[in-house]
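Presented below is the structure to which this report refers.
Residue numbers (the numbering used here): 3 to 87.
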């Protein structure tokens, strides 16, 4: 590398050239911001790891629509269920 042969510190060389040190290190270490994926999954087909399963969703809807919860908001149903265990 030319900079190593010049026996000049990286800081001084970058200041002389008007290049940020981070850019120098990024280029010399082969950093690539975006690495293409060989077989990408379309966004609509991705599943969030923490997402509720279909069964869990159905149980929540059933709980909210239950007869004893008809006059309550979703937040009230949540806290009553939380208190009940």
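Ideal Cβ placement from N, Cα and C applies to all residues, glycine included.
Give the secondary structure of residue 39 by DSSP, where H, G and I count as helix, E and B as strand, and everything else as coil.
-> Of the three classes helix, strand and coil, the one that applies to residue 39 here is coil, per DSSP.
Round the Cβ separation of residue 71 and residue 79 to the nearest angstrom and send it over; I've been treating them as touching at under 8 Å.
-> 5 Å
Can you tell me the Cβ-Cβ gap for residue 23 and residue 12, rounded? I've got them flagged as a contact below 8 Å.
-> So it is a contact: roughly 6 Å between Cβ atoms.
Three-state secondary structure assigned by DSSP to residue 86 | Annotated three-state conformation of residue 86 is helix, per DSSP.
If we cut at 8 Å on Cβ distances, does residue 32 have a partner in chain D?
-> Structure shown: chain D not included; a single protein chain is present.
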